[in-house]
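Chains as they are written, first to last, in my numbering: chain P, 98 to 395; chain A, 4 to 324; chain U, 4 to 324; chain Y, 2 to 494. Think of the CB as a built atom: it goes at the ideal place given N, C-alpha and C, for glycine as much as any other residue. First the structure, in the form of C-alpha cells, and then the observations on it.
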Amino acid sequence: AEEADKPYQIAGIIFQNDQFFQVIQEGMRAAAADYGVELVLGNSDNDPQQEIELVNTYTVRGVDAIVISPLSETASVQALQQAYSDGIAVVLYNSPLAADFPVSYLNSSQTQLGSSTGAAAADFVESLDGDTIRVAVLAFDSLLPEISDARVSGFIDTLRASTNKRVEIVSRQDGWLSEMALQTAGDILTANPDIDLIYAANEGGTVGSVQAVRNAGLAGQVKVFGIDATAQLAGFLLDDDDVLQAVTGQQPFIIGYDAVEAAVRHLNGESVEKTVIVPGVLLERQDPAGIQEWLADR
Amino acid sequence: MKRPRLEQYLMELILLALCVVFALTAPGFMRTRNLLNVMRNVALQGMIAFSMTAVIISGEIDLSVGSAVAFAGVIMAWLTQWFTSFGLPLAVGIPIAVILTLVASSVVGWTIAYMRNAFSVPTFITSLAYLTMLSGFANLITGGFPITSFPRWFNTLGGGSFLSVPVPALFLIVVFAAFEFIMNHTSFGRSIYAVGGNAEAARLNGINVKRVKYVLLSLTGCLAGVTGILVASQIMAGTPTVGRGWELQIISAVIIGGASLAGGAGRIRGTLIGIFFLGVIINGMTLLNISQYWQLVVRGALILIAILINNLRGLTGATRT
Amino acid sequence: MKRPRLEQYLMELILLALCVVFALTAPGFMRTRNLLNVMRNVALQGMIAFSMTAVIISGEIDLSVGSAVAFAGVIMAWLTQWFTSFGLPLAVGIPIAVILTLVASSVVGWTIAYMRNAFSVPTFITSLAYLTMLSGFANLITGGFPITSFPRWFNTLGGGSFLSVPVPALFLIVVFAAFEFIMNHTSFGRSIYAVGGNAEAARLNGINVKRVKYVLLSLTGCLAGVTGILVASQIMAGTPTVGRGWELQIISAVIIGGASLAGGAGRIRGTLIGIFFLGVIINGMTLLNISQYWQLVVRGALILIAILINNLRGLTGATRT
Amino acid sequence: MVLELKNLRKTYPGTVAVTDLSVRFEGGKVHAIVGKNGSGKSTAIKMVAGAVMPDRGSISLDDRPLHLGSTFDAIHQGIATVYQELSLFPDLSVAENICFHELPHRGVRVDWAATRRRALDVLRELDLEVDPDTRVDSLSVGWQQLVEISKAINHDLKVLILDEPTSALSKDEVDQLFRVVRRIRDRGVIVLYISHRLQELPAIADTVTVLRDGDLVGRRTMTETTLAQIVSMMFGDVEHVRMTPTIPEQAEVALEVRNLTRKPWFEDISFSLRAGEILGIAGMLGSGRTELLRSIFGADSFDSGTVLVSGKPIRRPTPARLKLYGLAYTPENRKTQGLIQIQTVQENLTLAGKQSLSRRGVRNRTLERAAAMQQVNDLSIKISSLDTVVETLSGGNQQKVVVGNWLNDHPRVVLFDEPSRGIDVDAKQQIFRIIWRLSDDGIASIIVSTELEELLEVCHRILVLRDGTLQQEIVPGTVSVEALYNACIGVAQ
Ligand SMILES: Nc1ncnc2c1ncn2[C@@H]1O[C@H](COP(=O)(O)OP(=O)(O)OP(=O)(O)O)[C@@H](O)[C@H]1O
Ligand SMILES: Nc1ncnc2c1ncn2[C@@H]1O[C@H](COP(=O)(O)OP(=O)(O)OP(=O)(O)O)[C@@H](O)[C@H]1O
Ligand SMILES: [Mg+2]
Ligand SMILES: [Mg+2]
C-alpha cells in the first residue's frame with residue numbers, strides 16, 4: 098500500500114475447484130470483509146506452471162500479501178521466493194513449503210487427518226472377528242502425491258498402532274472424483290468381496306466408495322471411512338444403511354479465515370505464529386448429535 | 004463384405020485375448036458381478052461414444068462432451084432443488100427436470116452445429132470453447148459445491164439393476180441397437196457416411212448436409228445429457244467435476260473401434276469393442292492392483308498395440324489419413 | 004497477397020482491442036513488468052505452439068506435448084541427480100543432462116512419426132496413447148514426488164532475465180524467427196504446406212512425405228523437451244504434474260491463429276497472435292480478479308467471438324473444412 | 002534418346018492393370034497411347050513416373066536402366082508428368098505451384114521474386130494469362146490443368162508425360178497446348194501422350210500405341226494409319242449410333258430458366274427445355290457454363306432470376322430440393338464433387354437414388370445391389386466387384402459411376418457437366434445412347450461439353466454462351482463444327 102489509507106490487497110490462491118477450497122475462499126472473503134482488505138482470488142488448477150503465472154501476476158499487480166496453498170513443497174518455492182524478495186508477505190495454508198520466509202503456515206496436519214479417521218477405525222476394527230483386517234485405499238497419488246501419501250499413511254499407521262490385528266492393504270488405487278472412485282471402488286469390491294473396510298482419502302473418493310458399496314449390495318458388510326466433511330457425507334453418516342462410519346473434516350472456513358487474518362496482522366506489524374494447526378473435526382456414525390451440530394454450524 | 008470372417012473380427016479377438024489373460028490372472032475378473040460391473044462402468048461413456056462415432060464419421064468432432072456431462076448433472080440437480088423449493092413433489096419434479104435437462108443439453112449440441120453451418124466455425128473449435136464454458140457454467144450454478152437434492156429412489160437410475168443387469172447397461176444396449184440400425188440400415192445413416200466421405204459430393208447428391216450436422220450434434224448433446232443424469236444418480240449429486248477428460252477417452256474408444264478422424268469410415272460395432280477394450284483394461288488392472296503409474300503406461304501401450312495389430316492386417320479405417 | 008492490409012490484420016486488431024480494454028480496466032496491466040510477465044508466461048506454450056503449427060499444417064497432430072513437457076522435466080532432474088550421485092560436477096552434469104533430455108524427447112517425437120510412416124497409425128492415436136504413457140513414466144521415475152536436484156544458478160534459464168527480457172521470452176523469439184523463416188522462406192517449409200494440402204500430390208511431385216513427418220514430429224518432441232527443461236528450471240524441480248492439459252490449449256492457440264486442422268493452411272505469425280491472445284486473456288482476467296468460474300466462461304466465449312469475427316470476414320484458414 | 006519399357010507388369014488385388022508391356026519410345030516424337038477405360042494406360046505411365054512400382058520388368062533411358070524408387074528419382078532424371086487427376090497444391094499460389102520442384106533460392110532462402118518471374122516466363126511462353134499470385138483453388142479445372150502443364154514444362158526435360166491433358170480444355174486451349182508440346186518435342190524430348198480424343202491424334206501424334214486390357218495391341222506410325230483402324234484396334238468394332246431427333250411436338254416444358262443472373266459469371270439467361278429435349282450449351286473455358294448449371298441446380302446461389310420446374314418456380318433452391326423436383330446434376334470434377342472416393346462402387350452408384358431405394362427411410366440392400374448392377378451393365382463399368390472402392394477405378398470408369406449414380410434416381414431433367422471427360426469412344430457412345438433413351442422416355446437433358454463435335458452429334462439444340470450471356474441458338478445439322486466454334490469465340494461468319 099503506497100498510500101496510508103489504501104486498504105491492503107491480499108491475493109488468495111487455491112489450486113482446485115472443489116468444495117474444500119470453495120469453503121476456504123469463503124473464509125478468506127469473510128476475513129477480508131471483517132478486516133476491510135481487498136481480496137483477489139486465483140486458482141492454479143493443479144498446474145505448477147499456472148501457479149507461477151498467478152504468483153507473478155499478483156506480484157506485478159502489487160499485492161501486499163499472498164495467501165497460498167502451494168502445489169508442491171519443493172517445486173513451488175521458486176516463484177514465492179521471488180514474490181517475497183519483492184516485499185510481499187507470503188502466508189501458507191493447507192500445504193507446506195520448504196522455505197522459511199513464509200510468515201505463517203496454517204494447516205490441518207494432513208497426517209493428523211488420516212490419524213483421526215484411523216483412530217475411529219481402530220474402534221471398529223476391534224469389534225471384528227479374526228485377526229487380519231483387509232483394507233482397500235482410495236487415494237490421489239497421481240494428483241497430489243505428497244498430501245495423498247500423508248493422509249494414507251496417517252490412517253494406516255494409526256490403525257496399525259492401535260490394534261494387534263494384522264492390517265493388510267489389499268488394494269491401493271487412485272480415485273478422487275466421485276464417479277471415478279465409484280468405478281474403481283466397484284472393481285475393488287469385486288476383486289476382494291471379503292474386505293472389511295475402505296478408506297478414502299478425500300471427499301470425492303468417500304462419496305464414490307459409499308455408493309459403490311451400496312451398488313454392490315454390501316451395505317453392512319463393508320464399512321467406509323473417509324476424509325473431508327460435507328453435507329452429503331454427513332447425510333451418509335446419518336443414513337441407517339451402516340456404510341459410512343466416520344470422516345475427519347478439515348475446517349476449511351477457519352483455515353481460510355485465519356490465513357487472511359494472519360496476513361493482515363503481519364502487515365499491521367503484529368506478530369503471528371509461525372505454524373498453526375487447525376484441528377480436524379471427526380464426525381462419527383455413533384455420534385449423530387455431533388453431526389447435527391456440525392451441520393447446524395455451517 | 005467378402006473378407007474372411009476371422010480377419011474381420013480381429014479387434015474382437017484382441018479383446019477376447021485380453022479377457023482371457025485377465026481371467027487367468029486377475030482375481031474375480033470372471034465373476035458375473037464383475038462383468039456386470041464392467042458393463043455399468045463402460046455404459047456411461049459408451050452411449051456418448053456411439054453418438055461420437057456418428058459425429059466423427061460425418062467428419063466433425065465434439066470435444067465438449069465431458070463438460071456437457073457435468074453441466075447436465077448440475078442442471079438436473081439444480082432444477083430438482085428448485086422445484087422442491089416450490090413444494091413440487093419429487094415424483095413430478097424429477098421427470099420435468101429430466102426433460103428440461105435433456106432439452107438444454109440438446110440445444111447446446113445444436114448450437115455447435117449452428118456455428119458450423121452458419122459461420123463455418125469448425126466443430127473442433129466451438130466444442131473446445133464449450134469445454135471450458137460449460138465447465139464454467141456448471142461451477143457457477145453450483146458455486147462449486149455438489150448439489151445433493153435427490154431422493155433415495157433416484158439412485159436406481161444409475162445404480163440400480165433390472166433382472167440383475169445394471170440399468171445404465173440397459174441404456175447402453177438400447178442406444179447401441181438404435182445407432183447400429185441408423186448407421187447401417189437407414190437412408191439417414193448413408194447420408195452420414197456420405198457427408199463424411201465427401202461433403203461437397205454429398206451436397207450435390209441432394210443430401211442436406213447441414214441437417215445431418217444439426218441432428219448428430221444435438222443427439223450427442225442429448226446423450227451427454229442422459230449420461231449426466233445417470234452419473235448424478237450414481238453419485239446422488241450434481242457435481243461440476245465429473246466428466247473431466249472424458250472427451251479424449253471417448254474419442255480413443257471410437258478410434259480404437261476403427262473410425263477415421265478424416266470422416267467417412269467407422270462402425271458402431273467397432274466402437275462397442277473400443278469401449279469394452281478400454282473398460283476391461285481399467286477393470287483388469289484395478290483388480291490386479293497395478294500401481295496407478297504403471298496403469299497409465301500399460302493403458303497407453305495396450306491401445307497402441309491393439310491398433311498396430313489391427314493395422315498390420317490393413318483392416319481398419321484407422322489407416323486412412 | 005493482394006488483400007487490403009487492414010483486413011489481413013484483423014486478428015491482430017482483435018488482440019489490440021483486448022489489450023486496450025485491459026489497459027483501461029485491469030490494474031497494473033500496462034506496467035512493463037506485467038507485460039514482460041505475460042511474455043514469460045506465453046513463452047513456454049508458445050515454443051511448442053509454433054512447432055505444432057507446422058505439424059498441423061502438414062496434416063498431423065501431436066496430443067502428447069503436455070505429457071512430454073512433464074517427462075522432459077523429470078528426466079532432466081533425474082539425470083542431474085544421477086550424475087551428481089557419481090560426483091560429476093554440476094557444471095558438467097547439467098549440460099550433459101540437457102543434451103540427453105533433448106535427445107530423448109526428440110526420439111519420442113520421432114517414434115510418433117515412425118508409427119505413422121511405417122504402420123499408418125494416425126498421429127492422433129499414437130500421441131493420445133503417449134499422453135498417458137509419458138505421464139505414467141514421469142510418475143514412475145519420480146515416484147510422484149518432485150526431484151529437486153538443481154543448483155541455484157539453474158534457475159536463470161527459466162526464471163532469469165537478460166537485459167530485463169525474461170530468458171524464456173528470448174527462446175520464444177528465436178524459435179519464432181526460426182519457424183517463420185522455415186515455413187515461408189525455405190523449400191522444406193513449402194513442402195510442409197504441400198504435404199498438408201494434398202499428400203498424394205506431394206508424393207507425386209517428388210516430396211519425401213515421410214521425411215517431412217519425421218522432422219516435424221521430432222522437432223516438436225525436441226521443443227517440448229526444451230520447454231520441459233525451462234519449466235523445471237522455473238520451479239527448480241522435475242515434477243510429473245506439469246503440462247497437464249497443455250495440448251488442448253496449444254492447439255487452441257494454433258487454431259485461433261488461423262491454421263486449419265485439415266492441413267495445408269496456417270501461419271506461424273497467426274499462432275504468435277493466438278498464444279498472446281490466450282495469454283493476455285488469462286493475465287487480464289486475473290488482474291481484474293474475475294471469479295475463477297466466470298474466467299472459464301469468458302475465456303471460451305472470447306475464443307469463439309474472435310474466431311467468429313475472423314470467419315465472418317472469411318479471412319482465416321479455419322474456414323476450410 | 003530412347004525410352005524403353007521391358008516386360009512391365011503391375012497387378013492390383015483382383016486386377017491385372019498391366020500384363021506384360023514392352024515398347025520403345027524415341028526422342029523428338031509425340032507418342033500417343035490410347036486404349037479404352039481401364040486398359041492400363043495411366044498405370045503404365047505411372048511406372049515411368051516413379052509413382053507406382055512395377056511388379057517386374059525394367060525401364061531404361063538410352064539403354065541405361067532407370068532405378069525409379071520414387072517420383073523424386075523420376076523428376077530428377079528429367080521425367081515430368083502431368084497426371085490425369087490433378088496434383089496441384091490448392092492452398093499455394095500459381096507461381097509456387099509452377100516452380101514447385103525447383104524453387105529459386107538465394108542461399109537457403111527461397112527467392113520469391115525470382116519464383117514469380119520464372120513463373121511469369123513459363124506462363125508467357127505458353128501464352129497463358131493468369132496472375133501468378135492467384136491461389137490455385139480459385140481457378141476452374143481447366144485453368145488448373147494449364148497450370149499443371151506449366152509446372153511440368155518448367156524442367157530440364159527428357160521425358161514429358163501427359164495423361165489426358167486436354168480432357169478439360171476447349172479447342173483454342175488445346176491448340177495452344179499443342180503448340181507448346183510441339184516446341185518441346187522439337188527439342189528432342191520424348192513425349193508420351195494419353196488421350197481419348199482420337200480426332201486430336203493426327204494433329205499432334207507421331208506414333209500411336211494401343212493398349213487393351215493391360216496388353217500391347219500394337220504400335221503404328223500416325224501417318225500410316227487411320228482413326229478407324231485405331232478404334233478397331235482398341236475395341237474391335239464400335240457401332241456408331243445416330244440419333245433419331247424426335248421430340249414430341251407438344252411436349253410440355255420441363256425446365257424453364259428466366260433472367261437468371263449471377264455476376265460476374267453470367268447474366269440474364271433465359272431458356273426453356275421441353276420434356277425429352279436434349280439441349281447443349283457450348284462456350285469457351287471460363288464462359289460460365291459450369292456456374293450456370295450449378296446455379297440452376299441450387300448448388301450456388303444467384304443474384305436474380307427464376308428457375309421453374311414443370312412450371313413451378315423453385316423458392317430457395319438447394320440441390321436437395323431440386324432433386325425432389327426431379328433434377329439431376331453430374332458435376333465436372335468427379336474427384337472432388339462427384340464421388341465419395343473411399344466408398345464402394347455400389348454405394349456411389351446408389352447415393353443419389355438412395356431415397357427411392359429405401360422404404361420409409363430403411364435401406365433395401367437387394368434393391369440397391371440390383372440398381373447398381375444395372376448401371377454397371379448398361380455403362381460397361383469395368384470393375385472386379387460392386388464392393389470395389391471407387392478410388393481404385395480408372396478415371397473413365399469413375400466418370401461412368403458419376404453418370405450411373407444419377408440415372409438410378411430416375412430424374413426428369415439431367416444436367417450433364419462434361420459427361421464424357423476422360424471416357425473412351427465406346428463408353429461415350431454408351432452414354433449418348435443412354436441420353437437418347439432417356440429422351441425417348443421424356444427425360445430432358447442439358448449437356449455442357451468442351452467437345453463441340455460431341456454437342457453437334459447428340460443435341461437437339463445448342464445454346465452458345467459467351468462472356469456470361471446467351472449469344473445464339475444453333476440447330477445441329479445446319480452448321481459445321483467450325484461455325485459453332487466461331488460462334489463460341491465470337492468471330493462473325
Ligand atoms: N490403386 C489401385 N488399386 C486397385 N486397382 C487399380 C488401382 N489403380 C488402377 N487400378 C486398376 O487397374 C486397371 C487399369 O487402370 P488405369 O488407371 O491404368 O486405366 P486407364 O487405361 O488409365 O483408364 P482410363 O482411360 O479410364 O483413365 C483398372 O482396372 C483399375 O481399376
Ligand atoms: N482469365 C482468367 N484467369 C483466371 N481464371 C479464369 C479466367 N477466365 C476464367 N477463369 C476461371 O474460369 C472459371 C469460370 O468458368 P466456368 O467454370 O464458369 O465456366 P466453364 O465454361 O464451365 O469453364 P470450364 O470449362 O473451366 O468449366 C472461374 O472459376 C475462373 O476462375
Ligand atoms: Mg487413366
Ligand atoms: Mg465447366
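Subject >> Selection from U:R119, U:A71 and U:S67 that minimises the alpha carbon distance to U:T230 >> reply: U:A71
Original post:
Do we get a CB-CB distance below 8 Å when we pair U:T189 with the residues of chain Y?
Top reply: yes
**OP:** Along the alpha helix (DSSP H) that carries A:H188, what are the first and last residues, could you check?
**Re:** V170 to H188
Original post:
Would DSSP call U:L318 helix, strand or coil?
Top reply: Residue placement at U:L318 cannot be trusted, given a pLDDT of 43 that sits under 50; what the coordinates show is reported in the next sentence. Three-state result, U:L318: coil.
Original post:
Could you check where the alpha helix (DSSP H) with U:G277 kicks off and where it finishes?
Top reply: I271 to L290
**OP:** State yes or no: is the beta carbon of U:Y296 nearer than 8 Å to at least one beta carbon in chain A?
**Re:** yes
Original post:
In whole angstroms, what is the alpha-carbon distance linking A:Y133 and U:A256?
Top reply: 15 Å
Subject >> Y:N8 burial status per 10 Å Cβ neighbour count (16 or more: buried) >> reply: exposed
Subject >> 8 Å Cβ cut-off: residues of chain Y touching U:G200 >> reply: F90, P91, D92 and L93
Subject >> Residue burial classification, P:E237 (beta-carbon count within 10 angstroms, cutoff 16) >> reply: The amino acid at residue 237 of chain P is misidentified as Glu; the sequence shows Phe. Counting Cβ neighbours within 10 Å, P:F237 comes out buried, since at least 16 surround it.
Original post:
At what residue ranges does the region 345 to 371 of chain P contain a whole run of the alpha helix (DSSP H), taking only runs of 4 or more?
Top reply: 349 to 364
Original post:
Would you say Y:S59 touches ligand 1, meaning its beta carbon is less than 7 Å from a heavy atom?
Top reply: no
**OP:** Can you tell me which of U:A20, U:T104, U:I115 and U:A268 puts its alpha carbon nearest to the alpha carbon of A:L307?
**Re:** U:I115
**OP:** Compute every distance between the C-beta of Y:D56 and the non-hydrogen atoms of ligand 1, then say whether any falls below 7 Å.
**Re:** no
**OP:** For my contact list, Y:I343 and A:A268 are in at a C-beta cut-off of 8 Å; report their separation, rounded to the angstrom.
**Re:** 6 Å
Subject >> Neighbour list for Y:T72 in chain U, Cβ cutoff strictly below 7 Å >> reply: R206, L207, N208 and G209
Subject >> Nearest residue (CA-CA) to P:L392, options P:F333, P:S259 and P:A218 >> reply: P:F333
Subject >> Proximal chain A residues relative to Y:R364, where beta-carbon distance stays under 9 Å >> reply: N187, H188, T189, S190, G192 and R193
**OP:** Give a yes or no on contact between the region 246 to 253 of chain A and the region 154 to 168 of chain A, applying the rule of three or more CB pairs nearer than 8 Å.
**Re:** no
Original post:
Any chance the CB of Y:Y13 is under 7 Å from a heavy atom of ligand 1?
Top reply: yes
**OP:** Using DSSP bridges, identify the partner residues of Y:G281.
**Re:** Y:I448 and Y:I463
Original post:
Comparing the C-beta of Y:P314 with each C-beta of chain A, is any distance below 8 Å?
Top reply: no
Subject >> With 16 other Cβ atoms within 10 Å as the buried cut-off, status of Y:R180 >> reply: exposed
Original post:
Using CA coordinates, which residue listed in Y:R295, Y:L408 and Y:D157 is at the minimum distance from Y:P369?
Top reply: The residue you asked about is not Pro; residue 369 of chain Y is Glu in the sequence shown. Minimum Cα distance to Y:E369 is reached at Y:L408.
**OP:** Output the boundary residues of the beta strand (DSSP E) element that contains Y:E268.
**Re:** F267 to R275
**OP:** Output the residues surrounding ligand 1, defined as those with a CB atom closer than 5 Å to any ligand heavy atom, in chain order.
**Re:** Y:Y13, Y:T16, Y:A18, Y:N38, Y:G39, Y:S40, Y:G41, Y:K42, Y:S43, Y:T44, Y:T393, Y:L394, Y:S395, Y:G396 and Y:G397
Subject >> Paired residues, beta bridge with P:Q106 - DSSP >> reply: P:E135
Original post:
If we count the other Cβ atoms within 10 Å of its Cβ and call it buried at 16 or more, is Y:M54 buried or exposed?
Top reply: exposed
**OP:** With a floor of 3 residues, list each beta strand (DSSP E) that falls wholly inside the region 40 to 128 of chain Y, ordered by position along the chain.
**Re:** 57 to 62 and 80 to 83
Original post:
Within the present structure, is the beta-carbon of Y:Q85 separated from the nearest heavy atom of ligand 3 by less than 7 Å?
Top reply: yes
Original post:
With respect to 7 Å, is the separation between the Cβ of Y:D157 and the closest non-hydrogen atom of ligand 3 below this value?
Top reply: no
**OP:** Using a Cβ cut-off of 7 Å, pull out every chain A residue sitting near P:L279, in sequence order please.
**Re:** Q237 and I238
**OP:** Within the same chain, show all residues whose beta-carbon is closer than 7 Å to that of P:R231, passing over the 5 residues directly before and after it, in chain order.
**Re:** E265, V267, N289, D291, I292 and D293
Original post:
Would you say A:A268 faces chain Y, with C-beta separation under 8 Å as the test?
Top reply: yes
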